[in-house]
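A.B. asks: In UniProt numbering, the protein residues as written are 1 to 349.
1) Rounded to whole angstroms, how far is the Cβ of residue 182 from the Cβ of residue 20, which I believe are closer than 8 Å?
2) Tell me whether residue 204 sits in a helix, a strand or coil according to DSSP, three-state version.
3) Quick one: grab the DSSP three-state call for residue 297.
4) Is the beta carbon of residue 266 sitting closer than 8 Å to the one on residue 318?
5) Does the distance from the C-beta atom of residue 174 to that of residue 47 stay below 8 Å?
6) Are there three or more Cβ pairs, one per stretch, closer than 8 Å when the segment 212–220 is compared with the segment 48–59?
7) Would DSSP call residue 114 helix, strand or coil?
8) Nearest to residue 42 by CA position, among 283, 304, 67 and 330, is which residue?
9) Quick one: measure Cβ to Cβ for residue 232 and residue 107, integer angstroms, because I've assumed they're closer than 8 Å.
10) Work out the CA separation of residue 148 and residue 35 for me, nearest whole Å.
11) Indicate the three-state DSSP secondary structure (helix, strand or coil) for residue 244 in the structure shown.
12) Among residues of its own chain, excluding the 5 on either side of residue 363, which ones have a beta-carbon nearer than 6 Å to its beta-carbon?
13) Verify whether the separation of the beta carbon atoms of residue 309 and residue 264 is less than 8 Å.
14) Is it true that the CB of residue 65 sits closer than 8 Å to the CB of residue 269?
15) Quick one: measure Cβ to Cβ for residue 111 and residue 244, integer angstroms, because I've assumed they're closer than 8 Å.
16) Just the Cα atoms here: how many angstroms apart are residue 146 and residue 117?
As structure tokens, this is what we get:
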């Protein structure tokens, strides 16, 4: 019996298994809501946005947290994925999964091409170059009527469907997005645990030391940029089929800064941190807008998010994910120690 318990404990400590279990447990919320209706449509919409932006933040974290590269142009890749997926399904009748895959591959390829030039720059200059990229692509979105609908945008984007099952209910789409996030979290764990992931971390910690160990900086920077663009492109596809309306002004620098804030607040180089950060950036503004004290104050959510970001950098530089994990394990150890002492005292009596 003990042998089986040890095997179960071993698998439960394996991160991919934990991600899968978390995904299943979280999916019970929208599944039960179908029958008991305890969530509002706004709540489901908010949770879906959290899952979608967690995928985007996870990709951005691979670039910033694991490889140490700063980009302010990822909103452009997300918008690119959204428009590609919408056009493939509306104009060419592509199935949803294929459209989603292509919406990640094309930004990845464009990211590779741009990275050939941009990644030769130092970190600060890379941020400036990607900022210019974001502004340029957003202007293309505004002017390319055939592809993006221009300022009028694209309406009536088809809902996601797999094998004939159309995700009409918002609860069903939330479950779908949750398991796509779980898949990307598992893939990220395996990717970052591989030789490539170790090279990225070595490069982030010290480029000189990484080069001395034979790590090709340009090669691995390019890999990080490409993988990150793929994640963000897929997130854009999921966003398009969730909102079902796209307009070019959404894909601006503010969105790129939001992705940066998600990673910093949630925790750099942390898969769980990407999810924590996405939840924070998506939920906090929604909560703030409902507080009577802040009603009527323009852009109060941006102001408070900025203040929180400053406080996080100063007082919680490790991010919310690691902070909560440390508190959880500290509390768990105290409880286990108390149980052990009580058990020992009972035996003595």
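Note that beta-carbon positions come from the ideal geometry of N, C-alpha and C, so glycine has one too.
Note that the structure is predicted; figures quoted are calculated from it, not measured.
C.D. replies: Let me spell this out:
1) 6 Å
2) helix
3) coil
4) no
5) yes
6) no
7) helix
8) 283
9) 7 Å
10) 38 Å
11) coil
12) Any question about residue 363 goes unanswered here, given that the chain covers just 1 to 349.
13) yes
14) yes
15) Between residue 244 and residue 111 the Cβ distance is about 26 Å, and since that is not below 8 Å, they are no contact.
16) 29 Å
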